[in-house]
Each structure stands twice: as C-alpha cells, then as structure tokens.
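Peer 1: Line order of the protein sequences matches chains A and B.
Mapping to numbering that gives the first Met the number 0: the first sequence position 207 is 206, numbers consecutive.
Mapping to numbering that gives the first Met the number 0: the second sequence position 83 is 82, numbers consecutive.
We treat Cβ as the ideally placed atom computed from N, Cα and C, and that holds for glycine.
2 protein chains.
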Amino acid sequence: MDTTDITLENIQQAYARIKPYIHRTPILTSGTINKMADASIYFKCENFQKIGAFKIRGATNAILSLGAAALKNGVATHSSGNHAQAIALAAKNNNIPAYIVMPETAPKVKVSAVQGYGAEVIFCAPTQAAREETLEQTVTRTGAVFIHPYDNDAVIAGQATAALELLEEQPGLDVVMCPVGGGGLISGTALVVHYLSPQTRVVAGEPSGADDAFRSWKAGKLLKNEQPASLADGLLASLSGRTLHYIQKYVDDIILVDEQEIIAAMRLVWERMKIIIEPSCAVPLAALLNEKAAYRGKSIGIILTGGNVDLRNLPF
Amino acid sequence: MDTTDITLENIQQAYARIKPYIHRTPILTSGTINKMADASIYFKCENFQKIGAFKIRGATNAILSLGAAALKNGVATHSSGNHAQAIALAAKNNNIPAYIVMPETAPKVKVSAVQGYGAEVIFCAPTQAAREETLEQTVTRTGAVFIHPYDNDAVIAGQATAALELLEEQPGLDVVMCPVGGGGLISGTALVVHYLSPQTRVVAGEPSGADDAFRSWKAGKLLKNEQPASLADGLLASLSGRTLHYIQKYVDDIILVDEQEIIAAMRLVWERMKIIIEPSCAVPLAALLNEKAAYRGKSIGIILTGGNVDLRNLPF
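#1: Could you give the uninterrupted runs of the beta strand (DSSP E) lying entirely in the segment 162-233 of chain A, keeping only those of 3 residues or more?
#2: Check S239(A) in the structure and name its three-state DSSP category.
#3: If we define contact as Cβ-Cβ less than 9 Å, is M0(B) a contact residue for chain A?
#4: Assign H244(A) to one of three DSSP states: helix, strand, or coil.
#5: Is the CB of M272(A) under 9 Å away from at least one CB in chain B?
#6: Would you say W216(B) reaches chain A, if we count a Cβ-Cβ gap shorter than 9 Å as a contact?
#7: If contact is defined by three or more beta carbon pairs under 8 Å, each pair taking one atom from either stretch, is the segment 266-273 of chain B in contact with the segment 220-228 of chain B?
#8: Nearest-angstrom Cα distance between F315(A) and A105(B)?
#9: In whole angstroms, give me the CA-to-CA distance for P278(B) and E167(A).
#10: Report the three-state DSSP secondary structure of T3(A) (helix, strand or coil).
#11: Taking Cβ positions, are G181(B) and A231(B) nearer each other than 9 Å?
#12: Once DSSP output is grouped into helix, strand and coil, what is the label at S29(A)?
#13: Spell out a yes or no on whether the segment 288-302 of chain A and the segment 274-289 of chain B are touching, meaning 3 or more CB-CB pairs, one atom from each, closer than 8 Å.
#14: So which of I155(B), L134(B), A264(B) and C177(B) has the shortest CA-CA distance to T59(B)?
#15: Comparing C-alpha positions only, which one of I261(A), S64(A) and N312(A) sits nearest to N93(A)?
#16: Residues of the segment 297-315 of chain B in Cβ contact with chain A at a cutoff of 8 Å, in chain order, please.
#17: Which residues of chain A have a Cβ atom closer than 8 Å to the Cβ of N46(B), listed in chain order?
#18: Taking the alpha-carbon of T3(B) as reference, which of T133(B), G80(B), A83(B) and D152(B) has the nearest alpha-carbon?
#19: Near Q11(A), what residues of its chain come up, given a Cβ to Cβ distance below 8 Å and the 5 sequence neighbours on each side ignored?
#20: Measure the C-alpha to C-alpha separation of L303(A) and P206(B) and round it to an integer number of angstroms.
#21: How about the segment 137-149 of chain B and the segment 194-208 of chain B: do they share at least three Cβ pairs that are nearer than 8 Å?
#22: Runs of 4 residues minimum, wholly inside the segment 39-120 of chain B: which ones carry the alpha helix (DSSP H) assignment?
#23: If I measure Cβ to Cβ from L7(A) and keep anything under 7 Å in the same chain, skipping five residues before and after, which residues do I get?
#24: Examine the Cβ distances between the segment 101-120 of chain B and the segment 245-257 of chain B and report whether three or more of them are shorter than 8 Å.
#25: Nearest chain B C-beta to L88(A) closer than 9 Å, yes or no?
#26: Throw me the rounded Cβ distance for the I86(B) and I146(B) pair, which I believe falls under 8 Å.
#27: So, for T160(B): in the same chain, excluding its five sequence neighbours on each side, which residues have a beta-carbon less than 7 Å away from its beta-carbon?
#28: Taking C-alpha atoms, which residue in A218(B), S215(B), L310(B) and V201(B) lies nearest to P283(B)?
#29: Within the same chain, show all residues whose beta-carbon is closer than 7 Å to that of V120(B), passing over the 5 residues directly before and after it, in chain order.
#30: Going along chain B, which residues have a C-beta under 8 Å from R266(A)?
#31: Measuring alpha carbon to alpha carbon, tell me which residue in E258(A), A285(A), I274(A) and Y245(A) is nearest A264(A).
#32: Go ahead and pull the three-state DSSP assignment for D257(A).
#33: Can you tell me where the alpha helix (DSSP H) holding Y288(B) begins and where it ends?
#34: Could you list the residues in the segment 20-47 of chain A with a C-beta less than 7 Å from some C-beta on chain B, going in chain order?
#35: So is I276(B) in contact with chain A if we call contact Cβ pairs under 9 Å?
#36: Is the beta carbon of G305(A) closer than 9 Å to that of M81(A)?
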C-alpha cells in the first residue's frame, strides 16, 4: 500500500459518516440470468439508492469530511448527471448552498431535479472548457468549495461503501464488477476488495465508445477520450491521474462492450428482474455476458449503479 | 363464517404446498411516495415473483391440490395473460402437460413465454364464446382438467398467500389494498385479513373502464362488464358468483380510477421506486392517491401484482 492511498479506516469512517443519509440497498438475484451466465450473480441495487444512484455516497462523504468553516459558503460542481443531484441533495441535508454548473442543453428533467433539492443551477455552453470556466467563475463569486465527481479521495472513499456493504452480505465472492467512467466507483470498489477480500478479482466494464480507461490501463499512462460516444452517458468522462493510479494497482481486468451489448443487458435486467437500470448500469453485466466462458461457475457481485432514465426516450 | 368459505387452514396448507415453487417477494417502501401520500405504504412486490406476477401462487396450489389421478391428462385453461404463464410453469414444475387456449390476436411475446414453459397453445377467435368453446373441445380431446383463473377456491387460497406473507412481515396494518379484476386476489387477500387481522380494512382498486366489481358490490348481485376497456388489461374480467360472495362479505371498499390516474401511478412507481410494474398493478396506488385524505397517516399494504409489460409499447 502507498502511504498516500485511501486506507480501510478511511472507508470505514466514510461509511459511519454517511450511514444516516443513505439507504442500505438490497442485493437481488435472478434465476434466469444465473442460468444464462451459468454463474451466481449478486446484484447490489444502487438504482434503489437515494437520488437513484450510488453517487450520493461519495458526495455525502465529501461534504461531511469538510469542516464547517470550509463549508460556510457552500459547495459547487459541474455535472449534468447523477453527481449533480448527489451534491444538491447532500448540500440540502447539511443546510448549505449548492451551485451546479450545467450545460444549457441538459434535459429539463435533470435541471428540475437539481433545483428541486434547492440548488442554484448556473448554465454554460455545452463544452468542457465552458464548464470549467463557469465553475471557476462560480467558485470565485460565491466562495463555494468545488467537489470533483471522482478526482477526490473523499468521494472515492464514499463510493467504496457500496462494495463494503456487498462484501459484508456476500463474503467470498470470486469477482466484483462495476462500470468505469471517471473511475471513482471502480477505485473505491477495488480498494475495499483489496483490503477485505484480496482473493476476489475486480473487473470493470467500459463502453468501447468511451474506452479511455481500457487504453490508459494498457498503456500505463493517461489517455483521454477525445470524442466519447455511448448511450451509457454516465461513463463518458476520462480517468484522472488519481483514479488511474488505483485502477493500475488494484483492478484485475477491464472489458469493453459495444452499444448493442449494453442495450441487450439493460433489456434483460428490465424484463427478467423487473427493475429499472440506466444504460451505464448495464455495462458490467454486458461485459460478463461477453466473456461468459471466463466466469462460468463463479460467484460474482455486480454493482448496479443507477436507475435514472428518461422514460420517453428508451433504447428499445 | 360460512361453513363453505375457504378457511385459514386451507390458506396455510396452500402456503406450505406452494412454498418450494414460489419466491418470498420483498416488501419495499418509498420515502417520496410516502411523503406524497402522507402515509406509510408497504409494497409487496409480486412483480418480482416467478413468471413476473402473483398468479403462480394460485395456479401452483390448484395443481398441487389435485391428486395424481385427476392430473394424469394434464391441465387446461384459457388466458392471454399471467394466468396462462402461471399454469404453464406450474404444470412444467409438476411434469404434466398444459393446454392453453389463447386468442389468435395475443401478442407473440406472450405466446412464446407460454410455449417456453413447454405448454401447448391452442388458438381461437378473439371472443369469449370462441375461448370457451375451444377450451371445451380441448378438455374433451385431451382429458385435461380445466383450472379457472379465479372461480376456484384452490386458486383463491393460493393467491391469498401473498397477503399472508405481507401480514407476517408487517402486522397491524391499517389497510391492505390490491386491484380487482375477476376477484381471485382480492377474495384471498380479504379472507387472510379477516382471519389474521380483522381490524385491518381491505380496499380494492378498479379501473372505471371495467367497473363490474364496483357495480356488483353496490348492487349485491353480479353485473358483468359488457365492453370493458382499460390499459389495465389484467383487470378486464368480470367477477364470478364465488368472488362476489367473498367481496360482499369481506371487502370494505372499492375505489374506481380512470386511465390517466393509472398511468400517473405507474409512472410514479417506475420513476421513484425504479421497479417495473404493469398498468393493472398501478391501480391500487392510483386509488389511494385518489382518496388521499381518507388514508392520511395510515399504514397501508399494497400488493404490487405484476411486472409483465411490453417495453416497446409503454403508455408514457
């Protein structure tokens, strides 16, 4: 272990801190999917989590880890996805203001959700440069603390608590899988597994249309997504140095999946498990079904990351 | 109690019989929906049940209640819905043939599901008369036993076991709600509540486009649906004398809901609970939200009956 790596104690403290603000989500199984995969799959249902995704874990821990003085002017972030809602709700739970920079093209339903938690939304042009510039202006104007969606150890320690609960209920798994986008969840997951169940393999699924994690992991250096494109819109971000570090050190494999495989896996979960998952969330199951032979007979935990979909715009 | 009414012992025996063949489904809650209703709602998730609906309970009990001699030529029914799949799977589990009469207009996905369980599908014209005639011919040809979807005490005792599990986990509920179509589920539910928790009210929700139960209950005699029409396609059947008897005796209220209320309640559950329910299944929640004032502050169990929807044809 590097002396600077997040420790097991950090993660356990994060869990104690966030517990009053999150759901302990259920673990579900499906006879049909087990039969299809010829494996025993345990789905950790973070789609049932507050705000409909695991991101509330990291956002809550990041805010609670800061002292009252640091938080006196609130928190800020840029996101059009689940991290935006997570920061908005975590700020509301702590009675501090939240400022969320969103592209002016963000779906109204997502803007309303963030505003519904009492956060102020600041619109910007839909480019990475505009996002970062608008965020900087917002931080300067308000004095709020920026909470990055994944390049932040307190966020990673918070995301790690999903795997902590999974291993507590299902010790001795052969494999734990989750998707990789910016790498916050897979980093936290890999750390927990490393500390508590070192014989368990950690595997990430990634859309081939946004495959920077796969390429960076192979190359041993950061290679960004230039034109990421996938239905799995929660996984378009590129790794940071921090998340690449954890992935290099603690993740055993990254499996790429194409769009049709993502849609098929999403549909399978909807039809057979009768639960709603978003496209990003289907990626690890798609990866598993893609490399079925390697997982035959194994016990596999999959973190189902979220269920926030636009019901008027489904891919099937 | 009438000497001929289903007894608590009948229901407990049914439960012991079917237990190896069914899931004990989870009970979920939603903070958002509780807030909206200003009540504590416990959702019994039969959408997670085998075949995706509670009907496997009644079908399994009906088959297991018959002796080997009666079953030697298999079982038959007419249904294009969840009862068809339930009979097909229950027959398969017992290694006997099943013959399912379905209208030639039935969706292919439902026909395939039934055939997937190994049942023989016999097509007929899409009228009630053709169904009944084709069923009669099938029974004559094969010697199979007809298992009616609800006008059958063994089926009702089986359906009753969902409420048995609900009351075991959540004793002392103020109200238990479920939908009413032909009346099998509400009859079984009302009987269990009567025996185990007589202070608990039993309330049914019914689509106003197929309101025979409401009218029959008010009139004290069977009044059929002539041209039933509702998205809640599992609730188009009319009561039988048997189910009207149980409803008259043990059900406290029937609440009508319109199509828009059904769609809104279905959407609410999809969006907030991230679980898939079919339109029929949304009816009791729609009823509750329709008469919110009467249920304020109460603890309410709702049986979520099923999750079999055509994902290419959603009402929103």
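Peer 2: The relevant details are as follows:
#1: 174-178 and 200-206
#2: coil
#3: Any reading at M0(B) needs caution, since the residue's pLDDT is 46, under 50, leaving its predicted position unreliable; the model's value is listed next. No, M0(B) does not count as interfacial toward chain A.
#4: Looking at H244(A) - three-state DSSP - the assignment turns out to be helix.
#5: The C-beta of M272(A) comes closer than 9 Å to at least one C-beta of chain B.
#6: no
#7: Judged by pairs of C-beta atoms under 8 Å, the segment 220-228 of chain B does not touch the segment 266-273 of chain B, as fewer than three such pairs exist.
#8: The straight-line gap from Cα to Cα measures roughly 21 Å.
#9: Going by the C-alpha atoms only, they are around 37 Å apart.
#10: coil
#11: No; because the gap between Cβ atoms is not below 9 Å, this pair is not in contact.
#12: If DSSP states are grouped into helix, strand and coil, S29(A) belongs with coil.
#13: no
#14: I155(B)
#15: Answer by Cα proximity: S64(A).
#16: G306, L310, R311, L313 and F315
#17: K273
#18: D152(B)
#19: L163
#20: 35 Å
#21: no
#22: 54-64, 67-70, 81-92 and 107-115
#23: Contacts found: Y194.
#24: Verdict: no, contact absent.
#25: no
#26: With a Cβ gap of about 6 Å, I86(B) and I146(B) count as contacting.
#27: I10, A13, Y14, I17 and R56
#28: V201(B)
#29: I99, M101, V110, V113 and Q114
#30: L310
#31: Nearest to A264(A) by C-alpha distance, out of E258(A), A285(A), I274(A) and Y245(A), is A285(A).
#32: Secondary structure of D257(A) (DSSP, three-state): coil.
#33: Correcting the residue type first, residue 288(B) is Leu in the shown sequence and not Tyr. For L288(B), the enclosing alpha helix (DSSP H) starts and ends at V282 to N289.
#34: P25, N46 and F47
#35: yes
#36: The sequence given here places Asn at residue 81(A); Met does not occur at that position. Their beta carbons are under 9 Å apart, which means N81(A) touches G305(A) by this criterion.
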